[in-house]
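*Asks:*
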Amino acid sequence: MTEIKIREITYLEAVREAMSQEMRQNEDVFILGEDIGVYGGAFGVTRGMIEEFGPERVRNTPISEAAIAGGAVGAALTGMRPILELQFSDFITIAMDQLVNQAAKTRYMFGGKGKVPMVVRTPAGSGTGAAAQHSQSLEAWMAHIPGLKVVQPSNAYDAKGLLKAAMDDDNPVIFYEHKLLYRTQCNVPEEQYSIPLGKADIKREGKDVTIVATAIMVHKTLEAATELEKEGIDVEIIDPRTIVPLDEEAIIESVKKTGRLIVVHEAVKRGGFGGEIASMIAESEAFDYLDSPIKRLGGLAVPIPYNPTLEKAVVPQVPDIIEAVKETVRFK
Amino acid sequence: MLSTMKLPSHITEKKLKSLYKEMWLIRYFDEKVDQFFAKGMIHGTTHLCVGQEASASGSIGVLQAKDKIISTHRGHGHCIAKEGDVNKMMAELFGRVTGYCKGKGGSMHIADVEKGNLGANGIVGGGIPLAVGAALTSKMKNQGYVVLCFFGDGASNEGSFHEALNLAAIWDLPVVFICENNQYGMSGPVKEMTRIENIAERASAYGIPGKVVDGNDMIEIMNTVHEAVEKAREGNGPALIEMKTYRWKGHSKSDAKKYRTREEETEWRKKDGIKRFKDLLIEEKILSEEEANKLQEEAKKEIEEAVKFAENSPEPPLESLLEDVYA
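See the structure below:
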């Protein structure tokens, strides 16, 4: 047996490593995006890659989200496997036609001919003081569109494995990277590995309440669970990792075990993906096992404000999660 | 009015004859579709290219088999010109399982990826960036093909047009942009929607060549597109060619054409690209009157056959509804 080398690296390094390893193996994979060349990307994810792979494969683009998204679709349709770095996930709005009307629909509307193997990597979420147009969490939009897959890794290990799976997938995948997770570290194998899309991870086992949390909320929920444990409340935390496809079974099984469900995400609660998870449980056999109403914690229905105190107050924080759990558990 | 230009030396007489027949295929196909809509035999909507046959046949006629096209929502002519199978096309419009898209795409989404037709598009300007991506593949994989990207005058006011031209220009991609200026973006006259006389002038903003051609003149089209395609193939980057033409029918089936006059329509009908091509081929002794009539008859027959094929084809099974969302 070969020794598996595991070391601590950041989420950002994990994403870069996944791309670099894939590009060394597969000539068809290339990256395009704004400032990803010598600059190394707005968050530094592609730093050093142009030196190794050259400007043809680490392709610096003009600020033209519609053209680069559509360019990726056209390249994918003709045999390449592009990775598009959209500098901020808010800019997805400018590329919307190409992702929603072209990438997602091409295969179906062509009667199954052609495929669009592309990955859109994009930094999402608040907490950096970048305010309303650089801080959104718009994953529910993408999840709403048949034909797209939506990934939200919460740690470096998952980021590397899920990105490998996304790059191997023959469909357009939107890969949301939370900005505040870029510098977080965990143990990551040096070897390539793949985490299948549609497989949730139980981040913490517990018996009193199930919390489904995504992206950065996984960490806040873990923190809340540690606090709640001191009071004798045992929280189970499920990270779906990919919201399309969604591991419904893992969530249903957990709710059947605990009888209680809270969904926590950073995106605006109204019309957010949490509503989908709650409805899925309400429609499933797990509904009969519920001992309390399902609770959703999500962002307030306001644009993300600049002021740090206000910015923090917009999205769920650890005390909010603790309070929600206590209310849920108290319910008789 | 015959073309003032010489017949292109790169095109054989045999090819010229087949292009003449192809123009009739396009004309008859869309005339037939028009009739069926009127009778309620085809549902949804469609955008007919009657009157624009020369820009489809002339442009695509100079391509090699490996070259690719991106079409518009007025794309029946492009599809036929890119070796499209009229049976599969008609079946698609009838919503049948034997259609190009198994009855799920309809008129606006016909594609034939294997033949290099990367698809019609329901979004005005939506296909232009796709053409840039396909051209990028050609360059990165050194495949030597050129992409012809069709769009209308209306699409030239979309952001996607400008972004895509800029991207193709800075990367010297093998793509030739073809603006089929049929004078109207739906009901909007091009003169009211842009301040410039020629859309081709926009090429200069991106540092690429721009040319205006008579979009009903097969010879001028073939010569101009051939030159641009071969330049692109040699690595000299993209070009923008504007074809001044006219759609004889309305924008789509519900169009009463209140925005234009009968006189204008009559004037443009006099410039019919098919008739001009025929007169030229006869004058150059490439075709006799009899041969020309024979080719026209053959085309008509093929379309009749396509209608029979479509009518006799089965509906898609309900079980196929959820197929092909993902690869």
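Top to bottom, those sequences are chains V and P. Heads up: the first sequence runs through residues -7 to 324, numbered per our numbering. Heads up: the second sequence runs through residues 1284 to 1610, numbered per our numbering. Positions of the beta carbon are idealized from the N, C-alpha and C atoms, including for glycine. Note that the structure is predicted; figures quoted are calculated from it, not measured.
Determine, using beta-carbon pairs with one atom in the region 54 to 67 of chain V and one in the region 131 to 144 of chain V, whether at least three such pairs fall under 8 Å.
*Replies:* Taking 8 Å as the limit for Cβ pairs, the verdict is that the region 131 to 144 of chain V does not touch the region 54 to 67 of chain V.
*Asks:* Does Asp1313/P have its Cβ less than 8 Å from a Cβ in chain V?
*Replies:* No, no contact with chain V.
*Asks:* Classify Asn163/V as buried or exposed, calling it buried when 16 or more other Cβ atoms lie within 10 Å of its own Cβ.
*Replies:* Asn163/V is buried by the Cβ-count criterion.
*Asks:* What residues in the region 1390 to 1418 of chain P have a beta carbon less than 9 Å from any beta carbon of chain V?
*Replies:* From the region 1390 to 1418 of chain P, only Met1391, His1392, Ile1393, Ala1394, Asp1395, Val1396, Glu1397, Leu1401, Gly1402, Asn1404, Gly1405, Ile1406, Gly1408, Gly1409, Gly1410, Ile1411, Pro1412, Leu1413, Ala1414, Val1415, Gly1416, Ala1417, Ala1418 have a Cβ closer than 9 Å to chain V.
*Asks:* At a CB-CB cut-off below 9 Å, which residues of chain V make contact with Glu1598/P?
*Replies:* The premise fails here: Glu1598/P is roughly 14 Å from chain V at the closest Cβ pair, so nothing lies under 9 Å.
*Asks:* Please work out which residues of its chain come closer than 7 Å, Cβ to Cβ, to His1509/P, disregarding the five sequence neighbours upstream and downstream, and give them in chain order.
*Replies:* Hits under 7 Å: Pro1291, His1293, Val1345.
*Asks:* At 3 residues or longer, what runs of the beta strand (DSSP E) sit wholly inside the region 0 to 79 of chain V?
*Replies:* Entirely contained in the region 0 to 79 of chain V, the beta strand (DSSP E) runs reaching 3 residues are, in chain order, 21 to 26, 50 to 53, 73 to 77.
*Asks:* Terminal residues of the continuous beta strand (DSSP E) containing Arg288/V?
*Replies:* Run containing Arg288/V: 287 to 291, per the beta strand (DSSP E) assignment.
*Asks:* Just tell me which of Val317/V, Pro300/V, Lys318/V, Lys324/V has its CA closest to the CA of Ile118/V.
*Replies:* This sequence places Ser at residue 118/V; Ile is not what is there. The candidate whose alpha carbon is nearest that of Ser118/V is Pro300/V.
*Asks:* What number of angstroms, rounded off, separates the C-alpha of Val255/V from the C-alpha of Ile1/V?
*Replies:* Cα-Cα distance, rounded: 29 Å.
*Asks:* Have a look at Val1590/P and Leu292/V and give me their C-alpha separation to the nearest angstrom.
*Replies:* Whole-angstrom Cα-Cα distance: 57 Å.
*Asks:* Checking the sheet assignment: what are the DSSP bridge partners for Gln177/V?
*Replies:* Gln177/V is bridged to Thr2/V.
*Asks:* Output needed for Gly1358/P: all residues of its chain with C-beta closer than 7 Å, excluding positions within five of it in sequence on either side, in chain order.
*Replies:* So the list reads Ile1393, Ala1403, once near-sequence residues are dropped.
*Asks:* Please classify Tyr1529/P as buried or exposed, where buried requires at least 16 neighbouring CB atoms within 10 angstroms.
*Replies:* Buried is the call here.
*Asks:* Considering Asn1449/P, what are the terminal residues of the beta strand (DSSP E) in which it resides?
*Replies:* Taken as a continuous stretch (DSSP letters only), Asn1449/P belongs to no beta strand (DSSP E), being part of the alpha helix (DSSP H) at 1442 to 1453.
*Asks:* Applying the 10 Å Cβ sphere with the 16-neighbour rule, what's the burial state of Arg233/V?
*Replies:* Its Cβ being crowded by 16 or more others within 10 Å, Arg233/V is buried.
*Asks:* Can you tell me whether Tyr31/V is buried or exposed, with buried defined as 16 or more other CB within 10 angstroms of its CB?
*Replies:* It counts as exposed.
*Asks:* Quick one: give me the first and last residue of the alpha helix (DSSP H) that Leu155/V is part of.
*Replies:* From DSSP, the alpha helix (DSSP H) with Leu155/V extends over 148 to 160.
*Asks:* In three-state DSSP terms, what is Leu282/V?
*Replies:* It is coil, neither helix nor strand.
*Asks:* Helix, strand or coil for Gly1493/P, going by three-state DSSP, please let me know.
*Replies:* Of the three classes helix, strand and coil, the one that applies to Gly1493/P here is strand, per DSSP.
*Asks:* Applying the 10 Å Cβ sphere with the 16-neighbour rule, what's the burial state of Pro285/V?
*Replies:* When all chains shown are included, Pro285/V counts as exposed.
*Asks:* Kindly list the residues whose CB is nearer than 8 Å to the CB of Ala1575/P, restricted to its own chain and excluding five residues on each side of it in sequence; keep chain order.
*Replies:* Counting only Cβ-Cβ distances below 8 Å, and skipping sequence neighbours, we find Tyr1303, Lys1561, Leu1564, Ile1565.
*Asks:* Determine the chain P residues that contact Thr70/V at a beta-carbon separation under 8 Å, and present them in chain order.
*Replies:* Near Thr70/V (Cβ distances below 8 Å), the residues of chain P are Lys1351, Leu1401, Gly1416, Ala1417, Thr1420, Ser1421.
*Asks:* Quick check: is the beta carbon of Asn1449/P nearer than 8 Å to any beta carbon in chain V?
*Replies:* So yes, Asn1449/P belongs to the interface.
*Asks:* For the alpha helix (DSSP H) that contains Gly266/V, what are its first and last residues?
*Replies:* Here the alpha helix (DSSP H) through Gly266/V covers 265 to 274.
*Asks:* Under 8 Å between C-beta atoms, does Pro308/V make it to chain P?
*Replies:* No, Pro308/V lies away from the interface with chain P (no Cβ there is under 8 Å from its Cβ).
*Asks:* Does any residue of chain V bring its CB to less than 8 Å from the CB of Ile1569/P?
*Replies:* For Ile1569/P, the answer is no, since every Cβ of chain V falls outside 8 Å of its Cβ.
*Asks:* Tell me which same chain residues have a C-beta within less than 8 Å of the C-beta of Thr120/V, skipping the five on either side of it?
*Replies:* Excluding positions up to five away in sequence, the list reads His126, Ser127, Lys171, Leu172.
*Asks:* Report the residues of the region 1342 to 1374 of chain P with a CB closer than 9 Å to any CB of chain V, ordered along the chain.
*Replies:* The region 1342 to 1374 of chain P vs chain V, Cβ under 9 Å: Lys1351, Ile1353.
*Asks:* Any beta carbon from chain V within less than 8 Å of Ser1292/P's own beta carbon?
*Replies:* Not an interface residue.
*Asks:* Quick one: is Val108/V buried, meaning 16 or more other Cβ sit within 10 Å of its Cβ, or exposed?
*Replies:* Looking at its Cβ environment, which holds 16 or more other Cβ atoms inside 10 Å, Val108/V is buried.
*Asks:* Closer than 6 Å by C-beta to Val37/V: which residues in its own chain qualify, once you throw out the five before and the five after it? Chain order, please.
*Replies:* Contacts found: Leu4, Val7, Arg8.
*Asks:* Identify which residue in Val21/V, Ile60/V, Ser56/V, Ala59/V has its Cα closest to the Cα of Met41/V.
*Replies:* The shortest C-alpha separation from Met41/V is found at Val21/V.
*Asks:* Between Arg262/V and the rest of its own chain, which residues show a CB-CB distance below 6 Å, the 5 nearest in sequence each way excluded?
*Replies:* Hits under 6 Å: Ala293.
*Asks:* Hey, Ile1586/P and Leu1308/P are a contact pair by Cβ (cut 8 Å); roughly how many whole angstroms apart?
*Replies:* Ile1586/P to Leu1308/P, Cβ: 7 Å. Contact.
*Asks:* Answer with buried or exposed for Ile55/V, where buried requires no fewer than 16 other C-beta atoms within 10 angstroms of its C-beta.
*Replies:* Its Cβ having fewer than 16 others within 10 Å, Ile55/V is exposed.
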